[in-house]
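Trainee: Okay, here's the structure, questions in a sec.
There are 2 protein chains.
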Amino acid sequence: MTYRDSHGRTLQDYPRPSVAVDTAVLSVLPDGRLAVLLANDGDDARLPGTFVHPGETLARAALRALRDKTGVDGREPRQLHVFDAPDRDPRGWVLSVAHLDAVPYRALDFDAGRAELRPVDEVRGLLYGHDEIVRMAVERLRDDYAASPDPAQLMPGTFTLRSLQNLHESVLGIDLPRDTFRRTMEPQLSTTGGIERGGVGKPARTFRTR
Amino acid sequence: MTYRDSHGRTLQDYPRPSVAVDTAVLSVLPDGRLAVLLANDGDDARLPGTFVHPGETLARAALRALRDKTGVDGREPRQLHVFDAPDRDPRGWVLSVAHLDAVPYRALDFDAGRAELRPVDEVRGLLYGHDEIVRMAVERLRDDYAASPDPAQLMPGTFTLRSLQNLHESVLGIDLPRDTFRRTMEPQLSTTGGIERGGVGKPARTFRTR
DNA sequence: CAAATAGTGTCTTTTAGACACTATTCG
DNA sequence: CGAATAGTGTCTAAAAGACACTATTTG
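Those protein sequences? They're chains A and B, same order as listed.
Just so you know, we're using the numbering used here here: the first sequence kicks off at 58 and counts up by one.
Just so you know, we're using the numbering used here here: the second sequence kicks off at 58 and counts up by one.
Printed below as a string of structure tokens:
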């Protein structure tokens with residue numbers, strides 16, 4: 058059955074845009090800097106993206122692009138914004154749905170030949186205006202990390218409050234007071250009963266997200 | 058010049074989705090209830106929407122749909138979410154970009170034969186799962202109205218603090234303490250120097266948004 | 001023991017809210 | 001004057017932050 062509108066036309070009779078997805082994968086480097094995953098495009102860099110295929114959701118397309126363009130397994134792409142300026146793309150009418158995905162550094166097994174992790178402070182001059190997407194992604198992630206512990210699940214299963222605070226400071230780009238951080242976050246966590254002896258100093262209790 | 062990809066194909070060689078926009082126009086009724094503009098669709102109701110045309114932005118398409126389906130002049134549609142389930146629409150592959158637009162009641166000159174304003178508390182059973190869009194629109198507008206005075210510019214050019222508070226209470230769906238509201242909002246407003254004599258009681262100074 | 005880190009008591013500052021008072025109008 | 005609304009002083013409660021203290025480990 059083909060559906061027809063009041064003029065007897067089907068969906069195929071109207072021009073349609075191409076729809077792309079571009080994803081800012083954010084992660085925290087071992088040195089504590091917040092970074093974004095970029096794909097090489099000739100001499101330039103861009104966010105990994107692709108056109109959406111029939112029968113595919115946007116999130117699925119975003120994950121496929123990450124895998125195909127960078128070798129990375131993404132997790133849960135979230136929509137940020139649809140870029141829709143009609144003359145954005147010289148190839149024609151293309152809408153691009155920007156996404157954010159947060160992936161732990163330890164799970165980022167990217168193909169160094171085709172991709173790089175660049176600290177967000179050093180992102181400038183990406184192709185297709187992707188700087189703006191990075192900016193929106195960082196802002197969204199920072200909003201998420203303002204009040205609750207590791208909402209994007211970047212920590213491993215169990216962790217100490219100190220390591221959780223380090224993560225939050227990396228994401229937010231600011232230092233946090235240790236005592237206030239503990240008082241805010243501890244009630245939102247579960248204790249594992251475990252202890253982590255990290256070398257010098259009093260061993261720390263370990264927690265997990267609830 | 059037609060751009061070709063690495064397989065020598067153009068954008069036209071790939072299947073593309075139809076892209077629709079659906080807009081929740083929110084407004085405050087004279088009785089103080091927050092309401093959404095619905096378009097009649099046979100015996101049922103839905104948010105006004107349309108397919109996006111070539112050369113047109115999403116916001117422009119949303120405004121066109123409001124005008125054509127309800128007779129309303131919208132203002133500044135903002136994106137909420139892209140609904141992308143591949144089997145959403147029986148007519149085929151259709152992405153729908155949900156929008157929010159806030160319009161003052163006094164500017165809502167809608168066509169009563171084709172449209173209605175329904176209090177958001179009474180919205181249930183809209184076509185195409187549009188209940189969910191209304192829910193998202195209300196949530197977003199409430200977030201906006203939590204901390205700053207009339208961010209969607211629903212008030213006229215000058216207004217008293219009491220009338221501003223009434224608006225905020227309508228949008229948020231809760232009562233606010235009068236003294237705290239004043240102390241939060243007044244520093245974010247400019248005085249006009251004007252006075253509004255509203256009948257009984259001390260006349261109120263008028264303000265405008267900065 | 002010194003150094004280092006975990007964990008916490010307590011004081012101060014800030015902010016939101018409660019409450020009540022004064023100010024100014026209409027009828 | 002009484003009723004009604006505008007505007008504000010002040011107290012309390014809650015939350016965030018500063019600071020310093022105790023606790024427990026390694027070397």
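In this text, a Cβ means the ideal position worked out from N, Cα and C, and glycines have one as well.
Can you give the Cα-Cα distance for L157 (chain B) and R197 (chain A), rounded to whole angstroms?
Mentor: If I take the Cα positions, the gap works out to 19 Å.
Trainee: At a CB distance below 8 Å, what residues from the region 132-151 of chain A approach chain B? Give them in sequence order.
Mentor: Cβ contacts with chain B come from Q136, H138, V139, D141, A142, P143, P147, R148, G149, W150 and V151.
Trainee: If you draw a straight line from the C-alpha of Y162 (chain A) to the C-alpha of L183 (chain B), how long is it?
Mentor: Their backbone Cα atoms lie some 43 Å apart in a straight line.
Trainee: What does T114 (chain B) reach in chain A if we use C-beta pairs closer than 8 Å?
Mentor: The answer, in chain order, is D141, A142 and P143.
Trainee: Please list, in chain order, the residues of the region 150-169 of chain A that have any C-beta partner in chain B closer than 9 Å.
Mentor: Taking 9 Å as the Cβ-Cβ cut-off against chain B, the residues of the region 150-169 of chain A that qualify are W150, V151, L152 and V154.
Trainee: To the nearest angstrom, how far is it from the Cα of H225 (chain B) to the Cα of V109 (chain A)?
Mentor: Distance between the alpha carbons of H225 (chain B) and V109 (chain A): 41 Å.
Trainee: Taking Cβ to Cβ, would you say V129 (chain B) is nearer than 9 Å to L94 (chain B)?
Mentor: Yes; because the gap between Cβ atoms is below 9 Å, this pair is in contact.
Trainee: How would you list, in chain order, the residues of chain B whose beta-carbon sits under 8 Å from the beta-carbon of R73 (chain A)?
Mentor: Ordered by position in chain B, the residues that pass the 8 Å Cβ test against R73 (chain A) are R73, P74, S75 and V76.
Trainee: Identify each residue in the region 227-251 of chain B for which the Cβ-Cβ distance to at least one residue of chain A is less than 9 Å, and report them in chain order.
Mentor: Answer in chain order: no residues at all.
Trainee: Determine the closest residue to A122 (chain B) out of B:T114, B:T67, B:P105 and B:V85, with distance taken between C-alpha atoms.
Mentor: Ranking the options by Cα distance to A122 (chain B), first place goes to B:P105.
Trainee: Could you have a look at D236 (chain B) and say whether DSSP puts it in helix, strand or coil?
Mentor: Three-state result, D236 (chain B): helix.
Trainee: Counting only beta-carbon atoms, is T266 (chain B) nearer than 9 Å to chain A?
Mentor: Not an interface residue.
Trainee: I'd like to know if the region 72-83 of chain A and the region 68-81 of chain B are in contact, where contact means that at least 3 CB-CB pairs between them fall below 8 Å.
Mentor: The region 72-83 of chain A, when compared against the region 68-81 of chain B, does touch it at the 8 Å Cβ threshold.
Trainee: How about V160 (chain B) and R132 (chain B): are their beta carbons less than 9 Å apart?
Mentor: Yes, the pair counts as a contact, with Cβ atoms nearer than the cut-off.
Trainee: Suppose you measure from the CA of R254 (chain B) to the CA of A261 (chain B); what does that come to, to the nearest Å?
Mentor: So the two alpha carbons sit approximately 7 Å from each other.
Trainee: As a quick exercise: from B:T237, B:G214 and B:P244, pick the residue whose alpha carbon is nearest that of G251 (chain B).
Mentor: Closest option to G251 (chain B), Cα to Cα, is B:G214.
Trainee: From T80 (chain A) to P134 (chain A), what distance separates their C-alpha atoms?
Mentor: Looking at the two C-alpha atoms, the distance is approximately 7 Å.
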